[in-house]
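Enquirer: If you scroll down you'll find the structure; I have some questions about it.
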Amino acid sequence: ASLAALLGAEQGDMAALLVEELERHLGTLDSVRKMLAADRQERIRRAAERADGMHLILVGGEEIDGLADELVSTFRFAKVEWICGEYGKVPSVAKVEQARPESHVVVIITDHSGHDLTGNAEEACRKAGVTPARCGQWGKSSIERTVLDALAPPSGGA
504 ASLAALLGAE
514 QGDMAALLVE
524 ELERHLGTLD
534 SVRKMLAADR
544 QERIRRAAER
554 ADGMHLILVG
564 GEEIDGLADE
574 LVSTFRFAKV
584 EWICGEYGKV
594 PSVAKVEQAR
604 PESHVVVIIT
614 DHSGHDLTGN
624 AEEACRKAGV
634 TPARCGQWGK
644 SSIERTVLDA
654 LAPPSGGA
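Numbering follows my numbering, in which position 93 of the sequence shown is assigned residue number 596; successive positions increment by one, without gaps.
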């Protein structure tokens with residue numbers, strides 16, 4: 504039985520209008536999704552142009568298997584180095600001290616890093632003249648999004 508038959512003629516007309524309106528909005532939602540996907544692809548293209556041949560230094564957290572290779576492939580970094588945070592230890596940030604704004608992107612992963620490592624990395628960036636990108640969560644998608652935002656901010660971004 505149709506929805507109209509179940510609800511009666513008058514309520515069926517209302518239900519048909521509701522279904523029509525839902526289908527129209529779902530079509531709009533699909534269009535928005537496609538537009539956002541196209542925008543993201545364009546941002547990735549712009550980011551890869553900018554990052555081509557640069558070095559990425561990730562500070563904090565634990566290395567995620569395969570992520571460095573994916574970042575090299577997606578953004579065309581020449582090299583990805585990860586300064587991992589270890590419980591009870593503060594690793595050297597000498598690589599960050601050698602970074603240069605024209606050739607390095609530095610991402611500080613504040614989650615799972617510890618205040619000392621984060622502070623040391625921020626100070627090293629300041630001395631090197633590099634503005635670090637801050638990633639508040641340790642995880643593949645968060646790190647990828649932070650790298651993308653640092654290289655190609657969303658429309659309306661800085």
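A virtual CB, placed ideally from N, CA and C, is assigned to each residue, including glycine.
Starting from the N-terminal side, write out each stretch of the beta strand (DSSP E) that is 3 residues or longer and does not extend beyond the stretch 563 to 602.
Expert: Fully enclosed beta strand (DSSP E) runs of 3 or longer: 582 to 586.
Enquirer: When burial is assigned at 16 or more other CB atoms within 10 Å of the CB, is Phe578 buried or exposed?
Expert: In the sequence shown, residue 578 corresponds to position 75, counting from 1. Buried is the call here.
Enquirer: Please determine, among Gln544, Arg546, Gly564, Leu574, the residue with the shortest C-alpha to C-alpha distance to His558.
Expert: Working through the sequence shown from its first residue, we reach residue 558 at position 55. Ranking Gln544, Arg546, Gly564, Leu574 by Cα distance to His558 puts Leu574 first.
Enquirer: On the criterion of 16 or more Cβ atoms from any shown chain inside 10 Å, does Leu525 qualify as buried, or is it exposed?
Expert: Sequence index remark: in the sequence shown, residue 525 carries index 22 (1-based). Result: exposed.
Enquirer: Classify Pro635 as buried or exposed, calling it buried when 16 or more other Cβ atoms lie within 10 Å of its own Cβ.
Expert: Counted from its first residue, the sequence shown places residue 635 at position 132. With 16 or more Cβ atoms within 10 Å of its Cβ, Pro635 is classed as buried.
Enquirer: Quick check on Glu609: does DSSP put it in helix, strand or coil?
Expert: Taking the first residue of the sequence shown as position 1, residue 609 is located at position 106. First, the residue type needs correcting, since residue 609 is Val and not Glu in the sequence shown. Strand at Val609.
Enquirer: Is it a yes or a no for the stretch 578 to 595 touching the stretch 614 to 625, going by three-plus beta-carbon pairs under 8 angstroms?
Expert: Touching, yes.
Enquirer: Tell whether a beta-carbon distance below 9 angstroms holds between Ile560 and Lys598.
Expert: The sequence position of residue 560 within the sequence shown is 57, counting from 1. The sequence position of residue 598 within the sequence shown is 95, counting from 1. Yes, Cβ-Cβ distance for Ile560 and Lys598 is below 9 angstroms.
Enquirer: Give the DSSP-derived three-state secondary structure of Ala636 in the structure shown.
Expert: As a working note, residue 636 is residue 133 in the sequence shown. In the structure shown, Ala636 sits in a strand (DSSP, three-state: E or B).
Enquirer: Pick helix, strand or coil for His615, following the three-state DSSP scheme.
Expert: The count along the sequence shown starts at 1 and reaches residue 615 at position 112. Residue state, collapsed to three classes: coil.
Enquirer: Assuming Ala631 contacts Glu600 under a Cβ cut-off of 8 angstroms, what Cβ separation, rounded to an integer in Å, is found between them?
Expert: Numbered from its first residue, the sequence shown carries residue 631 at position 128. Numbered from its first residue, the sequence shown carries residue 600 at position 97. Their Cβ separation, rounded to whole angstroms, is 6 angstroms, which keeps Ala631 and Glu600 in contact under 8 angstroms.
Enquirer: Looking at the unbroken alpha helix (DSSP H) that takes in Ala653, where does it start and where does it end?
Expert: Taking the first residue of the sequence shown as position 1, residue 653 is located at position 150. It spans 643 to 654 - the alpha helix (DSSP H) in which Ala653 sits, taken as one unbroken run.
Enquirer: Considering only C-alpha positions, which residue in the set Ser534, Glu545, Gln640, Val596 is nearest to His615?
Expert: Looking up residue 615 in the sequence shown gives position 112. For His615, the nearest C-alpha among the options comes from Gln640.
Enquirer: Does the beta-carbon of Val522 have 16 or more other beta-carbons within 10 angstroms, so that it is buried, or is it exposed?
Expert: Indexing the sequence shown from 1 puts residue 522 at position 19. Its Cβ having fewer than 16 others within 10 Å, Val522 is exposed.
Enquirer: Have a look at the DSSP bridge pairing and note the partners of Leu525.
Expert: As a first step, residue 525 must be located in the sequence shown, where it is residue number 22. Leu525 pairs with nothing; no bridge assigned.
Enquirer: How should Val535 be labelled, buried or exposed, when 16 other C-beta atoms within 10 angstroms of its C-beta is the threshold for buried?
Expert: Along the sequence shown, read from residue 1 onward, the residue named residue 535 stands at position 32. Burial call: exposed.
Enquirer: Please report the straight-line C-alpha distance between Gln544 and Ala655, rounded to a whole angstrom.
Expert: By 1-based counting over the sequence shown, the position of residue 544 is 41. By 1-based counting over the sequence shown, the position of residue 655 is 152. So the alpha carbons of these two residues sit roughly 11 angstroms apart.
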